[in-house]
Amino acid sequence: MAILGGMHCPFCQNTDTKVIDTRISDDGHSIRRRRECPSCGRRFTTLETTTLLVMKRSGNIEPFERDKVISGVRKACQGRPINEDDLKALGQRVEEDLRSRGLAQVRSEDVGKAILGPLRDLDEVAYLRFASVYKNFEGLEDFQKAIDGLRAERG
Ligand SMILES: [Zn+2]
Numbered sequence: 003m004a005i006l007g008g009m010h011c012p013f014c015q016n017t018d019t020k021v022i023d024t025r026i027s028d029d030g031h032s033i034r035r036r037r038e039c040p041s042c043g044r045r046f047t048t049l050e051t052t053t054l055l056v057m058k059r060s061g062n063i064e065p066f067e068r069d070k071v072i073s074g075v076r077k078a079c080q081g082r083p084i085n086e087d088d089l090k091a092l093g094q095r096v097e098e099d100l101r102s103r104g105l106a107q108v109r110s111e112d113v114g115k116a117i118l119g120p121l122r123d124l125d126e127v128a129y130l131r132f133a134s135v136y137k138n139f140e141g142l143e144d145f146q147k148a149i150d151g152l153r154a155e156r157g
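First residue of the sequence shown: 3, per the working numbering; consecutive thereafter.
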């Protein structure tokens, strides 16, 4: 199973193929790529399994799990108009963001940061709650800064 380069065309054995579409499976454990051979013009699909690793603040390394992202965000979303589909979509955006960096391992801070943007788009109150935990808000000033940031984003 080749991931980087050397993906041969199964029809003409040309070694250079072009990725035309990339999808991550629902469970997040595999990547399906639609490829096209520039030589013979035929298309085929490859399935690549990769595990994205997350290094915790403690130094422990564990596999990335989209469900953990979702359960972390769910707490911040209590009582907000956010449904399971919203959470699933957010989990997918976070994973795609992290995987698009092309690294085998990210830090847990990177996961937190990757959550902030999509969560802000989803719900500002949930975003503030999540940010207050993730960024260790210590008082009203921290909230004020975050709120000022949201206002600035709105222009
Ligand atoms: Zn070919």
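Where a beta carbon is used, it is the ideal one built from N, C-alpha and C, also for glycine. Owing to the predicted nature of the structure, the values given are computational and were not obtained by experimental measurement.
query                                                                                                                                        : result
Of all residues in the structure, which have a C-beta closer than 5 Å to any heavy atom of ligand 1, taken in chain order?                   : C11, F13, C14, N16, C39, S41, C42
Going by Cα to Cα distance, which pick from P12, T47, R76 is closest to D125?                                                                : R76
Taking DSSP as the reference, what is the three-state secondary structure of L55?                                                            : strand
Between the alpha carbons of I26 and L105, how many angstroms are there, rounded?                                                            : 15 Å
For R159, which residues in the same chain have their Cβ closer than 8 Å to its Cβ, ignoring the five residues on either side in sequence?   : What is shown of the chain runs 3 to 157, which leaves residue 159 out entirely.
Would you be able to state if there are at least three C-beta pairs under 8 Å between the stretch 40–51 and the stretch 89–99?               : no
Which full runs of the alpha helix (DSSP H) of 4+ residues lie inside the stretch 66–129, going along the chain?                             : 68–78, 86–102, 110–124
Once DSSP output is grouped into helix, strand and coil, what is the label at D28?                                                           : coil
Give me whichever residues DSSP pairs with E38 in a beta bridge.                                                                             : K20, R45
Just tell me which of L49, F132, S102 has its CA closest to the CA of G114.                                                                  : F132
Report yes if the CB atom of K20 is closer than 8 Å to the CB atom of E38, and no otherwise.                                                 : yes
Based on the DSSP secondary-structure assignment, which residues constitute the bridge partners of I63?                                      : M57
Let me make sure I understand the geometry here. Which of I22, R35, F46, E67 has the alpha-carbon closest to that of Q15?                    : F46
Write down the C-beta distance between V96 and I117 rounded to the nearest angstrom, noting that I regard them as a contact closer than 8 Å. : 5 Å
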